[in-house]
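Right, one structure below, let's go through it.
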Amino acid sequence: MPDTSRRTAGFGESVIRRMTRVAMEHGAINLSQGFPDFDPPVELTRALAKTAESGPHQYAITWGAANFRRALAEKQTRLMGIPVDGEKHITVTCGSTEAMMAAMLSVVNPGDKVLVFSPFYENYGADALLSGAQPIYVPLMPPDFGFDEKQLRAAFEQHPKALILCNPSNPTGKVFTREELAYIGALAEEFDVWVITDEVYEHIVYAPAGHVYFASLPGMQDRTICCSSLSKTYSITGWRLGYTIAHEKVSAVIRKVHDFLTVGAAAPLMEAAVTALQFPQSYYDELLASYTNKRDLFLHALDEAGLRYTNPQGAYYVLVDIGAFDGQDDTRFCEWLAREVKVAAVPGSSFFREPVHHLIRFHFAKKEATLKAAGDRLKELERLWKTRGYSV
Ligand code: GLN
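Each residue of the sequence shown is one higher than the last, beginning at 115 in my numbering.
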């Protein structure tokens, strides 16, 4: 058999997706891969049913159906406070996973460096390698996961072509402050670097934190490729509807890449999703109230189980410190947890560049009943740990 490609040799299977399989194997409550176990808004599923009858069922325009882009442009103009034009700036993609990949392929040349904060969502490392780029990492330091300004400047001095910014951040739950973003922006300007943002949790930011769109900072719009999706905001992770918002010149390049990668996002799903993009502000307020409630409930359950964690400011993940149990092998611990405690988490080491093995990630995008059941099981963790079949 001939060799497979070198570009795929540098990364492995997604640990997040693997943990979902481990959860299924052991019948564990799956708090690993972040997706809801509750339904999307009923208006949206009704719109989808209607679209099944009325269509469209054939390809939309490759960069996204015009009515979808129009509705999205109106919403994002309102939220971002900068003019977003659906005709020029938006490309609809198959999830923000494709959006990030298309953005990278559009601005990064083989051999370029790409700056990534660590811990990071695991796709970014693979995206960089698939683009032929070399990731360089800047640590975000616990407990608040801030960066060291000197370290960040030193990384910029290596002249990366792009920086990847996940805000609100997966897996830490960090929400970057306006000051931090302004510092990153000043460096991006000084060293002439693209900023590719992943803002899929833009609507899940807990008070008193607030979401600042990087593109909305003075002078940043033209160098920012904002990637986001409808997955988390409307609880439709399986619809795979994502998008990029970028200057018209780079949008034209992203549209080319997107066309040859996937041709387009699913036309009937875009049609149905226009309904969601037109929801009033009250929808987003209720979404946040619901996630705030889930966060409080789950953190309380962690407290009751005697577990230590970093309080998330945004997104729906929490990093839990397992150092008191097994601080050496978080993968082994997560497999034990799924098998014996019947709750699945993601080993933290899959997000860190540094050798960090004492953290695991839970997500809480689940019904209250699911979170309570997980909480009850986690209360048994310590007892079960004492009778475990392996030593550390
Ligand atoms: N973003 C989610 C997570 O981090 C799901 C990612 C995925 O599997 N596409 O768990």
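We treat Cβ as the ideally placed atom computed from N, Cα and C, and that holds for glycine.
Does any heavy atom of the ligand GLN sit closer than 7 angstroms to the C-beta of R69?
Residue coverage of the chain in this structure runs from 115 to 506, which leaves residue 69 outside it and unanswerable.
What three-state label does DSSP hand P249 in the structure shown?
Strand, per DSSP.
Mark F374 as exposed unless 16 or more other C-beta atoms lie within 10 angstroms of its C-beta, in which case mark it buried.
Per the 10 Å Cβ criterion, exposed.
Give me whichever residues DSSP pairs with H203 in a beta bridge.
Partner(s): none; H203 has no beta bridge.
With three or more beta-carbon pairs closer than 8 angstroms as the criterion, would you say the stretch 300–315 touches the stretch 244–262?
Contact check between the stretch 300–315 and the stretch 244–262: fewer than three CB pairs, one atom from each, fall below 8 angstroms, which does not count as touching.
Residue nearest to T445 in terms of C-alpha spacing, selected from R453, S283, S463, A438
When each option's Cα is compared against that of T445, the closest is S463.
Sheet register partners of T191 (DSSP bridge):
Looking at the DSSP output, T191 shares a beta bridge with no other residue.
Can you grab the Cα-Cα spacing for the pair D435 / L413, in whole Å?
C-alpha separation (whole angstroms): 13 angstroms.
Residue nearest to R120 in terms of C-alpha spacing, selected from S245, C341, L229:
For the residues S245, C341, L229, the minimum Cα distance to R120 belongs to S245.
Three-way DSSP call (helix, strand, coil) for W450 in this model
Per DSSP, reduced to three states, the secondary structure at W450 is helical.
Taking DSSP as the reference, what is the three-state secondary structure of E461?
Sequence inspection shows Pro at residue 461; the Glu mentioned does not correspond to that position. Looking at P461 - three-state DSSP - the assignment turns out to be strand.
Check this for me: beta carbons of V364 and S220, under 8 angstroms apart or not?
Yes, they are a contact pair.
Going by alpha carbons, who is nearest to E478 out of V371, A276, T406, R267?
The sequence given here has Phe at residue 478, not Glu. Per the Cα distances, T406.
In the DSSP output, what is V279 paired with across the bridge?
It is worth fixing the name first, because residue 279 is Leu in this sequence and not Val. Residue pairing for L279: DSSP places it in a beta bridge opposite T311.
W499 versus G420: straight-line alpha-carbon distance, rounded
Cα-Cα distance, rounded: 13 angstroms.
Identify the continuous beta strand (DSSP E) that holds Y431 and give its terminal residues.
Counting along the chain, the unbroken beta strand (DSSP E) around Y431 starts and ends at 431–435.
Would you mind working out which of T347, W353, R497 sits nearest K189, comparing C-alpha positions?
Of the candidates T347, W353, R497, the one whose C-alpha sits nearest the C-alpha of K189 is T347.
beta-carbon F231 near the ligand GLN non-hydrogen atom, thresh 7 angstroms:
Flag unset: Cβ of F231 not near the ligand GLN.
Delimiting residues of the beta strand (DSSP E) encompassing G356:
For G356, the enclosing beta strand (DSSP E) begins and ends at 355–359.
If you count every other CB in all the chains shown that lies within 10 Å of the CB of R491, and 16 or more means buried, which is it?
Result: buried.
Contact under 8 angstroms by Cβ, P274 with K202
Going by C-beta atoms, P274 is not nearer than 8 angstroms to K202.
Should L295 be flagged as near chain D, meaning a C-beta pair shorter than 8 angstroms?
Of the chains in the structure shown, none is chain D; there is only one protein chain.
I need the DSSP call for R184, collapsed to helix, strand or coil.
Per DSSP, reduced to three states, the secondary structure at R184 is helical.
Give me whichever residues DSSP pairs with R475 in a beta bridge.
Paired residues: L433, V460.
What distance in whole Å lies between the Cβ atoms of D312 and C280, which are believed to be in contact at a cut-off of 8 angstroms?
C280 to D312, Cβ: 4 angstroms. Contact.
Nearest-angstrom Cα distance between E400 and F152?
Roughly 15 angstroms separates the two Cα atoms.
What number of angstroms, rounded off, separates the C-alpha of L495 from the C-alpha of I196?
Going by the C-alpha atoms only, they are around 48 angstroms apart.
By how many angstroms is the C-alpha of F182 removed from the C-alpha of R507?
In the structure as shown, the chain starts at 115 and stops at 506, and residue 507 therefore has no counterpart that could be examined.
DSSP bridge partner residues for M255 (one or two, in chain order)
G260, per the DSSP bridge assignment.
Helix, strand or coil for K370? Go by DSSP, reduced to three states.
Here K370 sits in helix by DSSP.
Beta-ladder partner(s) of S343, from DSSP
Paired residue(s): G356.
Supposed close pair I318, G225 - CB separation, criterion 8 angstroms:
Incorrect: roughly 36 angstroms between the Cβ atoms, too far for contact.
Judging by CA-CA distance, which residue of I278, I130, W450 is the nearest neighbour of V222?
Ranked by Cα distance from V222, the first of I278, I130, W450 is I278.
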